[in-house]
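Only one structure is covered here, and it is reproduced in the block below.
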Amino acid sequence: MAVSPVTSSVTATASLPDDLVRLAASRLLADDLLDYVHFRAVCTCWRSATVSPRGRGIVDPCFHPRRWMMLPEGDGLYPGHPKLHDNIRLVNLDTGAILRVRIPLLQDHCILDSLDGLLLLQRDHDTTVVLLHPFTGDILELPPLSTLLPLMDEDLCNFSSKKQLSYLRSVCTAGSFVDGAVTVMLAFPNLHRVAFATPQDQRWPMSTWMYGFSRPPISSRGKIYLADTFAYDRTSKIYQIDTPLPHGGELQPPKLMTTLTPDVLCSPLYFVQYDSEILVIGHTDDLYLSKLVVYKLSDLITRRYIPVSSIGDKAILIQERTLCISSKALPGVMGDTIVYTHPMEQYLVQYHLGSGTWLSAIASVFL
120 MAVSPVTSSV TATASLPDDL VRLAASRLLA DDLLDYVHFR AVCTCWRSAT
170 VSPRGRGIVD PCFHPRRWMM LPEGDGLYPG HPKLHDNIRL VNLDTGAILR
220 VRIPLLQDHC ILDSLDGLLL LQRDHDTTVV LLHPFTGDIL ELPPLSTLLP
270 LMDEDLCNFS SKKQLSYLRS VCTAGSFVDG AVTVMLAFPN LHRVAFATPQ
320 DQRWPMSTWM YGFSRPPISS RGKIYLADTF AYDRTSKIYQ IDTPLPHGGE
370 LQPPKLMTTL TPDVLCSPLY FVQYDSEILV IGHTDDLYLS KLVVYKLSDL
420 ITRRYIPVSS IGDKAILIQE RTLCISSKAL PGVMGDTIVY THPMEQYLVQ
470 YHLGSGTWLS AIASVFL
């Protein structure tokens with residue numbers, strides 16, 4: 120009896136050695152979690168040879184959907200709006216692909232931030248902080264945000280609890296994921312303070328020190344980076360705050376990583392994640408802001424002042440928070456460009472990094 124091509128293909132697929140299956144799966148996982156999930160769905164043999172992300176999606180950083188980011192909805196809509204039916208939009212930063220994912224927790228939670236593609240939520244009735252994996256549904260509970268209220272500065276103590284909590288909902292989140300132990304660190308730009316906690320803690324200890332900054336911070340690999348510019352000599356300093364290690368780690372003050380003089384980079388400075396690198400964006404002229412220049416943070420720390428000449432087909436959006444994304448997701452935006460509101464002209468422009476030229480103004484950017 121003849122064997123159909125489909126049957127032969129399935130048999131050949133199932134007969135692949137487990138070590139070869141795991142090797143292929145690990146390479147897919149290094150690029151995108153969903154490619155790994157689709158790979159495991161091919162057949163039962165491949166599923167049994169590889170580790171399921173469900174139940175490990177938060178504690179194991181290999182399964183973090185770090186190449187996916189939540190998009191704003193626009194038109195007055197927000198995550199949890201009744202018209203969205205608990206759906207959010209996620210965009211793949213590399214391909215520009217957009218998915219709608221249903222998040223049932225949005226019925227009684229609000230979204231505060233994201234960390235490596237994980238969503239940081241706050242439960243409505245008791246302010247418990249929750250990390251959620253949008254694809255596996257894994258959750259990890261942290262102490263209530265309200266445990267920080269007794270630690271608020273004196274000038275905020277006369278505000279209502281609701282008003283004080285609004286100061287805490289603007290956060291930049293970092294995390295440490297080591298051998299199944301998780302520590303989450305929150306930086307509060309409105310308070311200039313930092314707090315951290317583990318799932319075993321009952322409250323969020325807050326830093327006794329304050330940090331200064333002139334632009335929004337960024338988190339990467341368990342660290343938060345921030346920049347502060349000094350008016351008297353126009354120098355900018357970049358600091359790093361480390362997430363405490365599990366099991367008794369302490370919160371250390373910001374570490375000075377590098378000092379930038381105006382001849383290297385002029386403020387305003389912006390951070391953006393570009394693959395595994397953090398890029399620092401600034402101007403070459405603080406008077407006319409005529410050109411933009413981009414450096415790798417790792418180069419600035421080692422005093423290698425070599426500008427980045429191209430970001431390929433990506434585009435950098437400088438808004439309240441910066442974003443580096445495939446230009447395929449941005450109609451009307453070219454690759455290898457920086458899009459932002461020009462500080463002097465106050466309209467949305469594109470700067471072409473490869474040629475070092477300003478392109479025509481654009482009305483808006485739609486995602």
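Just so you know, the working numbering puts the end of the sequence shown at 486, numbered straight through with nothing missing. Just so it is clear, CB atoms sit at the ideal spot from N, CA and C, and this is done for glycine as well.
Excluding the five sequence neighbours on either side, which residues of its own chain have a C-beta within less than 7 angstroms of the C-beta of Arg312, listed in chain order? Met325, Ser326 and Met329
Can you tell me which of the three DSSP states Thr327 falls into? coil
Near Gly236, which residues of its chain fall below 6 angstroms by C-beta distance, leaving aside the five closest residues on each side in sequence? Hits under 6 angstroms: His183, Pro184, Arg185 and Trp187.
Buried versus exposed, by CB contacts within 10 Å (16 or more), Cys494: Lying before the first or after the last residue shown, residue 494 is absent from the chain, which here runs from 120 to 486.
Suppose you measure from the CA of Thr266 to the CA of Val248; what does that come to, to the nearest Å? 11 angstroms
Can you name the residues that DSSP bridges to Cys443? Ile435
Looking at the structure shown, is Ala346 part of a helix, part of a strand, or coil, going by DSSP? strand
Taking only the alpha-carbon atoms, compute the straight-line gap between Lys415 and Trp477 and give it to the nearest angstrom. 22 angstroms
Is the beta carbon of Leu398 sitting closer than 8 angstroms to the one on Phe254? In this structure, the beta-carbon distance from Leu398 to Phe254 does not fall below 8 angstroms.
With H, G and I counted as helix, E and B as strand and the rest as coil, what does DSSP make of Asp361? strand
Exposure of Asn110, with buried meaning 16 or more beta-carbon neighbours within 10 Å: Residue numbering for the chain in the displayed model covers 120 to 486; residue 110 lies beyond these limits and cannot be assessed.
By Cβ distance, which residues of its chain are closer than 7 angstroms to Gly454, with the 5 residues on each side in sequence left out? Gly431, Asp432, Lys433, Ala434 and Ser446
Sort out for me which residues DSSP pairs Thr247 with in a bridge. Pro263
Under DSSP, the alpha helix (DSSP H) around Arg322 begins and ends at which residues? Taken as a continuous stretch (DSSP letters only), Arg322 belongs to no alpha helix (DSSP H), as it is neither H nor E.
Span of the alpha helix (DSSP H) holding Val156? Leu152 to Arg159
Proximity winner among Val383, Thr317, Ile400 and Glu396, relative to Tyr389 (alpha-carbon distances): Ile400
Look at the Cβ atom of Arg221, then the Cβ atom of Asp205, and state whether they are nearer than 8 angstroms. yes
Just mark Arg334 as buried or exposed, buried being the case when its beta carbon has 16 or more other beta carbons within 10 Å. buried
Ser395 - DSSP class collapsed to helix/strand/coil: coil
Would Gly341 and Asp361 be called neighbours here (beta carbons separated by less than 8 angstroms)? The answer is yes: Cβ separation under 8 angstroms.
Beta-carbon gap between His228 and Leu240 smaller than 8 angstroms: yes
Contacts around Met376, its chain only, beta-carbon distance under 7 angstroms, and the 5 residues preceding and following it disregarded: Ile357, Tyr358, Gln359 and Ile420
Could I get the ranges of all uninterrupted beta strand (DSSP E) runs contained in the stretch 364-389, with 3 residues as the minimum, in chain order? 374-379
Give a yes or no on whether the C-beta atoms belonging to Ser429 and Leu384 are separated by under 8 angstroms. no
For Asp213, I'd like the list of residues in its chain whose CB is within less than 7 angstroms of its CB, leaving aside the five on either flank, ordered along the chain. Closer than 7 angstroms at Cβ, skipping near neighbours: Arg186 and Ser445.
Own chain, CB closer than 7 angstroms to Gly299, minus 5 neighbours either side, in chain order: For Gly299, same chain residues with a beta-carbon under 7 angstroms away, outside a window of 5 residues either side, are Val178 in chain order.
Going by the DSSP bridge assignment, what does Arg219 pair with across the sheet? Its beta-bridge partners are Arg208.
Arg242 (DSSP reduced to helix, strand or coil): Strand at Arg242.
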